[in-house]
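Below is one structure, written out as structure tokens, with a few remarks after it.
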Amino acid sequence: MIPALFDSLAWACAFALCLPGLRRRPAYGAVAVLVIAALLWLPVGGTSLLAVLRGAAGAASVTTAATLAALLCARCACECVFPRGERALVAALAAAAGLLFYPPALGLGAIDPYAWGYGGALMPLAVGALALAAAATGRWTIAGALTAALAMWRLQLLESTNLWDYLIDPLLASGGLIWLIVGAWRGKSVKRAGCSPAAARSSANAGDAR
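With this note's numbering, letter number 10 in the sequence shown gets 10, and the count goes up by one each step, no holes.
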């Protein structure tokens with residue numbers, strides 16, 4: 001039950017990010033998440049949209065849910081909750097983890113990093129050290145996401161017993177890679193147009209506000 005509830009909240013945050021009119025309206029954002037999460041459980045044709053999403057995309061990782069929640073809070077409350085610089089770092093970490101993890105999982109290469117998540121102290125210690133480093137540098141979303149992932153893995157609150165499944169999933173890895181590619185493309189477009197990065201960010205923020 002807990003894994004399904006967790007996934008419903010993660011997907012609700014994802015769909016809420018697609019709704020207009022939530023900027024600077026935290027109460028609206030909270031209501032939207034609760035309503036969408038409830039709708040995901042409604043039976044349709046003998047199943048539910050949540051079951052379809054879980055079957056198609058798999059279970060959401062803790063870091064994915066935390067990232068989506070932080071993005072929604074940044075939109076509904078204040079961007080300082082999840083600054084753009086930290087978003088870029090999350091995207092880079094997610095893309096790097098995906099490139100490290102998924103090709104070997106598909107049989108490419110002799111090393112299987114997925115096995116690292118089943119036991120031993122090295123990987124949890126590495127994740128904990130990364131969380132401490134993030135907190136020390138003020139990257140609170142990263143620190144919170146990694147800490148929550150470690151805690152939920154330790155308590156075995158989700159279906160998997162592998163730490164990797166609490167840290168990364170295909171949607172987060174592909175989303176991070178796409179975010180970096182789009183960001184690089186926009187940067188090149190800005191340079192070609194002769195527009196300063198500050199002006200480009202101002203224009204992007206104005207577009208988000210609309």
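Even glycine gets a Cβ: it sits at the ideal position worked out from N, Cα and C. This one's a predicted model, so the numbers in the text were calculated from it and none came from an experiment.
Straight-line gap, residue i to residue j (C-alpha atoms, nearest Å)
i, j, result
"residue 74", "residue 158", "26 angstroms"
"residue 102", "residue 173", "9 angstroms"
"residue 135", "residue 126", "14 angstroms"
"residue 42", "residue 15", "16 angstroms"
"residue 91", "residue 123", "20 angstroms"
"residue 85", "residue 10", "23 angstroms"
"residue 106", "residue 152", "26 angstroms"
"residue 165", "residue 120", "16 angstroms"
"residue 36", "residue 110", "43 angstroms"
"residue 45", "residue 52", "11 angstroms"
"residue 160", "residue 183", "33 angstroms"
Test item: CB-CB of residue i and residue j under 8 angstroms
i, j, result
"residue 38", "residue 22", "no"
"residue 98", "residue 142", "no"
"residue 29", "residue 78", "no"
"residue 81", "residue 88", "no"
"residue 8", "residue 40", "yes"
"residue 60", "residue 144", "no"
"residue 72", "residue 17", "yes"
"residue 150", "residue 128", "yes"
"residue 13", "residue 68", "yes"
Spatial neighbours of residue i in its chain, beta-carbon cut-off 8 angstroms, leaving aside the 5 residues before and after
i, result
"residue 93", "142 and 176"
"residue 57", "169, 170 and 171"
Chain-order list of residues whose beta-carbon lies under 6 angstroms from that of residue i (same chain, five-residue window excluded)
i, result
"residue 2", "157"
Extent of the continuous alpha helix (DSSP H) run through residue i
i, result
"residue 86", "84 to 105"
"residue 178", "170 to 193"
"residue 20", "Neither: residue 20 is in no alpha helix (DSSP H) and is coded neither H nor E."
"residue 45", "Careful: residue 45 lies outside any alpha helix (DSSP H) and carries neither H nor E."
"residue 128", "122 to 136"
"residue 75", "62 to 76"
Same chain, Cβ closer than 7 angstroms to residue i, neighbours up to 5 away in sequence not counted
i, result
"residue 19", "32"
"residue 209", "The predicted model places residue 209 with a pLDDT of 46, which falls under 50 and marks its position as unreliable; any figure quoted below should be read in that light. Within the same chain, residue 209 has close Cβ partners 23."
"residue 206", "Residue placement at residue 206 is flagged as unreliable, the pLDDT there being 48, under the threshold of 50; a coordinate-derived value is accordingly withheld."
"residue 148", "62 and 66"
"residue 104", "111, 112 and 113"
"residue 139", "86 and 89"
Whole-Å CB distance - residue i paired with residue j, under 8 angstroms assumed
i, j, result
"residue 64", "residue 171", "6 angstroms"
"residue 146", "residue 163", "Going by Cβ atoms, the distance from residue 146 to residue 163 rounds to 11 angstroms, so no, they are not a contact pair."
"residue 155", "residue 95", "28 angstroms between Cβ atoms; not a contact."
Chain D within 8 angstroms of residue i, Cβ atoms only
i, result
"residue 115", "As a matter of chain content, chain D is missing from the structure shown, which is built from one protein chain."
Heavy atom of the ligand NAP within 7 angstroms of residue i beta-carbon
i, result
"residue 24", "Looking at this structure, you won't find the ligand NAP or any other ligand, since it has none at all."
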